[in-house]
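Residue numbers (this note's numbering), protein chains in the order written: chain Y, 1 to 150; chain E, 1001 to 1126.
Glycine residues also receive a C-beta, built at the ideal position from the N, C-alpha and C atoms.
Beneath this line is the structure, given in structure tokens, with notes to follow.
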Amino acid sequence: MTARKYLVLLAVAIFASCGDVFLARGMRDFGAVSSANWRSLFTALLNPWIIGGIVLLILFFSSYLTALSWADLTYVTPATALSYVIMAALGKMFLHESVTPSHWLGIALITVGVGVVASGPSRTSGGHPARHGHRPPREFDLRRGSRSES
Amino acid sequence: MSHGYVWAGIAAIVVTATAGDVMQSHAMKQLGDLGDMRAARGLGYVVRHVASNGWFLLGLLFMALAFFSLLITLSWGQVSVVGPASASLTFIGNAAAARIFLKEQVDGRRWLAACFVAGGVAFLAR
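Below is the structure:
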């Protein structure tokens, strides 16, 4: 695992938690959605917090897919669970939500789980495209020095 | 709504979310390292390459099904039950499905991590 890959995992956790906090902050401007005022959901799409949240969640999805391209699913999902911890911290700091003893226990368990999986290998299954019967993408050829621009 | 409906809804969320994650993971393993691909061919190439992968698109469909299953189940049961149960069971479902379908070596360390995180999410979402 390189530093860049750890940064991608950190980006997954940060973008996911910040995206959810932005969406939660934005939805506070509109109150509870019910069948009587469901149209307010469309108005919410113009809210700067909601727009920011959507942008952050797009960045989350991009970094999540990048992580899955070089690491196992059973490595990425626990390793990026720090997003739940970050979300609790941001909720307390910016949305003034309470963090109960039950929450702290949850945070401790998640932190231990992340530490356990992050200390192991990131890839255990075959991931090279050739193993799936597909032609390797051209960047693999480029890395080997056989530049084919076909 | 009865407990049976709520737990059937939670099962639907877990199955569709797990299927979506497994399909996305399979698609990304087929494509190779996206960071290397972006460095070699540019972001536009990566986006076109990812968006034309069948497993990726099918995974997206299942993620959408998981989202709507969550919305429907939330209308049947309490969020304090549906949220933690579906999130933590999805971690366990991912570990089992990755072992079966993606042939990942889910050893004791990964099961332990999945269980710790699943328990932590359950406590955090209370």
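Decide if H1003(E) is buried, meaning its Cβ has at least 16 other Cβ atoms within 10 Å, or exposed. With a 10 Å radius around the Cβ and a threshold of 16 neighbouring Cβ atoms, H1003(E) comes out exposed.
CB-CB length for F1123(E) against L105(Y), believed under 8 Å: 5 Å
Check whether T80(Y) and V21(Y) have beta carbons under 7 Å apart: no
Please report the straight-line C-alpha distance between G1119(E) and G113(Y), rounded to a whole angstrom. 10 Å
Quick check on F1056(E): buried or exposed, where buried means 16 or more other Cβ atoms within 10 Å of its Cβ? buried
Just checking: is the beta-carbon of V1081(E) within a distance shorter than 7 Å of some beta-carbon in chain Y? no
Which same chain residues end up closer than 7 Å to S1086(E) when comparing Cβ atoms and leaving out the 5 residues on each side of it in sequence? Correct list, in chain order: I1010, I1013, V1014, L1070.
Along the alpha helix (DSSP H) that carries Q1078(E), what are the first and last residues, could you check? Taken as a continuous stretch (DSSP letters only), Q1078(E) belongs to no alpha helix (DSSP H), as it is neither H nor E.
If we count Cβ pairs, one from each stretch, closer than 8 Å, do we get three or more for the region 1-10 of chain Y versus the region 61-75 of chain Y? Between the region 1-10 of chain Y and the region 61-75 of chain Y there are three or more C-beta pairs closer than 8 Å, enough to call the two in contact.
Comparing the C-beta of G31(Y) with each C-beta of chain E, is any distance below 7 Å? Cβ-Cβ to chain E under 7 Å: no for G31(Y).
Using a beta-carbon distance below 7 Å, is G1035(E) in contact with chain Y? yes
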